[in-house]
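Chemist: Residue numbers (the working numbering): 54 to 344.
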Ligand code: BEZ
Ligand code: FE
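1) Using the DSSP secondary-structure output, state which residues sit across from residue 333 in a beta bridge.
2) Within 8 Å, do at least three Cβ pairs link the region 240 to 254 to the region 283 to 301?
3) In the DSSP output, which residue or residues are listed as bridge partners for residue 164?
4) Just verifying my parser: in three-state terms, what is the DSSP assignment at residue 322?
5) When you compare only the Cα positions, how much space is there between residue 263 and residue 69?
6) Identify whether residue 90 lies in helix, strand or coil by the three-state DSSP scheme.
7) Does DSSP put residue 315 in a helix, in a strand, or in coil?
8) Consult DSSP for residue 234 and reduce its assignment to one of helix, strand or coil.
9) Examine the ligand BEZ and report whether any of its heavy atoms sits within less than 6 Å of the Cβ of residue 155.
10) Determine the burial state of residue 250: buried for a count of at least 16 other Cβ atoms within 10 Å of its Cβ, exposed for fewer.
11) Do residue 186 and residue 152 count as a contact pair if the criterion is CB distance below 7 Å?
12) For the pair the region 111 to 118 and the region 162 to 178, tell me if three or more CB-CB distances fall below 8 Å.
13) Distance, Cα to Cα, residue 157 vs residue 232?
14) Terminal residues of the continuous beta strand (DSSP E) containing residue 113?
15) Tell me the DSSP secondary structure of residue 148 in three-state form.
16) Hey, how far is the Cα of residue 111 from the Cα of residue 121?
17) Are residue 222 and residue 202 closer than 7 Å when you measure CB to CB?
18) Can you tell me the Cα-Cα spacing of residue 267 and residue 74, whole angstroms?
19) Just how far apart, CA to CA, sit residue 107 and residue 166?
20) Can you tell me where the beta strand (DSSP E) holding residue 135 begins and where it ends?
21) Between 127, 301, 247, which has its C-alpha nearest residue 150's C-alpha?
22) Using beta-carbon positions only, say whether residue 199 and residue 225 come within less than 7 Å of one another.
23) Along the chain, where does the beta strand (DSSP E) that runs through residue 271 open and close?
24) Regarding residue 271 and the ligand BEZ, is the C-beta to nearest heavy atom distance less than 6 Å?
25) Which residues in the same chain have their Cβ closer than 8 Å to the Cβ of residue 113, if we skip the five residues on either side of it in sequence?
26) Do residue 168 and residue 234 have their beta-carbon atoms positioned less than 7 Å apart in this structure?
27) Alpha carbon to alpha carbon, what distance is there between residue 183 and residue 324?
28) Rounded to whole angstroms, what's the CA-CA distance from residue 299 to residue 89? Just pull it up for me.
29) Residue 148 to residue 163, Cα distance in whole Å?
30) According to DSSP, is residue 129 helix, strand or coil?
31) Considering only DSSP beta bridges, list what residue 328 is partnered with.
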């Protein structure tokens with residue numbers, strides 16, 4: 054293994070994987086090394102570009118802490134998160150499509166009764182969500198949980214604001230007919246965090262950092278595959294250019310505008326509000342399917 058050159062260096066590195074006993078690890082590392090070397094050859098990377106890359110990855114790591122995950126943001130903005138999602142969640146028709154989790158999910162949201170207002174104390178337009186959780190064949194799933202979270206009406210998640218208690222989050226369970234309902238704020242489009250290396254990268258790429266308005270949910274029910282998804286606001290200007298490539302047609306929904314009056318749950322609304330009617334579909338979990 055001497056006199057390694059442009060033409061045989063890749064093979065020499067690959068040969069070093071002979072001792073790897075984990076077959077999947079070996080497969081992944083083989084492919085990674087091949088693609089990484091091919092990339093360096095293709096662009097004929099200069100030493101200063103190589104160093105800039107190392108510095109970028111170092112800064113990305115240094116930006117991470119218990120609240121901020123800059124590497125996931127990097128994966129999101131390069132479309133890797135959605136590619137992994139697509140490969141791992143190939144769904145039959147009738148099943149709700151999945152999309153990115155994002156960095157602002159917080160476990161332990163309060164369990165609230167059907168019809169509760171998750172956005173209590175927030176200003177902004179209220180949105181009433183209602184519908185059912187169904188099997189892909191259209192049968193209701195009682196006792197399914199919708200773990201919901203969203204920004205406030207200015208595009209901030211509670212965890213982005215210093216000292217802010219949990220808000221615009223809650224878990225709602227479906228009733229015996231698989232029905233759910235809740236109130237929250239109508240979401241707005243907002244920029245992903247740009248105060249780190251990923252923000253700099255987007256700027257140099259000539260890209261904007263915005264996500265189209267959406268409400269997040271994780272749907273789960275015993276015996277069914279958990280789905281991490283969003284409901285997007287139809288008509289949002291960023292639907293065609295989501296900074297993290299996460300929009301799917303089946304998740305874009307009308308937020309129907311209403312003047313003040315009586316809402317679908319009988320509540321008197323003294324300001325304009327909107328309603329969303331949306332049914333979710335779950336598929337049996339893989340263990341159940343395999344049994
Ligand atoms: C979000 O929707 O909360 C999100 C997703 C990916 C990156 C940043 C934010
Ligand atoms: Fe979000």
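Every residue, glycine too, gets a C-beta built ideally from N, C-alpha and C.
Quick caveat, the model's predicted, so the values are computed rather than measured.
Modeler: Short version:
1) 186
2) A contact exists between the region 283 to 301 and the region 240 to 254.
3) According to DSSP, which records beta bridges pairwise, residue 164 is partnered with 224.
4) strand
5) 43 Å
6) Helix at residue 90.
7) strand
8) strand
9) yes
10) By the neighbour-count rule (16 or more Cβ atoms within 10 Å), residue 250 is buried.
11) no
12) no
13) 26 Å
14) Membership of residue 113 in any beta strand (DSSP E) is not indicated; the residue belongs instead to the alpha helix (DSSP H) covering 100 to 115.
15) coil
16) Each residue's Cα considered, the two are about 15 Å apart.
17) Against a cut-off of 7 Å, the Cβ pair of residue 202 and residue 222 comes out as a contact.
18) Cα to Cα, residue 267 sits roughly 44 Å from residue 74.
19) 50 Å
20) No beta strand (DSSP E) contains residue 135, which is instead part of the alpha helix (DSSP H) from 133 to 141.
21) 301
22) yes
23) 267 to 273 is the extent of the beta strand (DSSP E) around residue 271.
24) No - the ligand BEZ has no heavy atom lying nearer than 6 Å to the Cβ of residue 271.
25) 123, 124, 127, 249, 250, 251
26) Contact: yes.
27) 19 Å
28) About 26 Å.
29) 26 Å
30) In the displayed model, residue 129 falls within a helix according to three-state DSSP.
31) According to DSSP, which records beta bridges pairwise, residue 328 is partnered with 181, 309.
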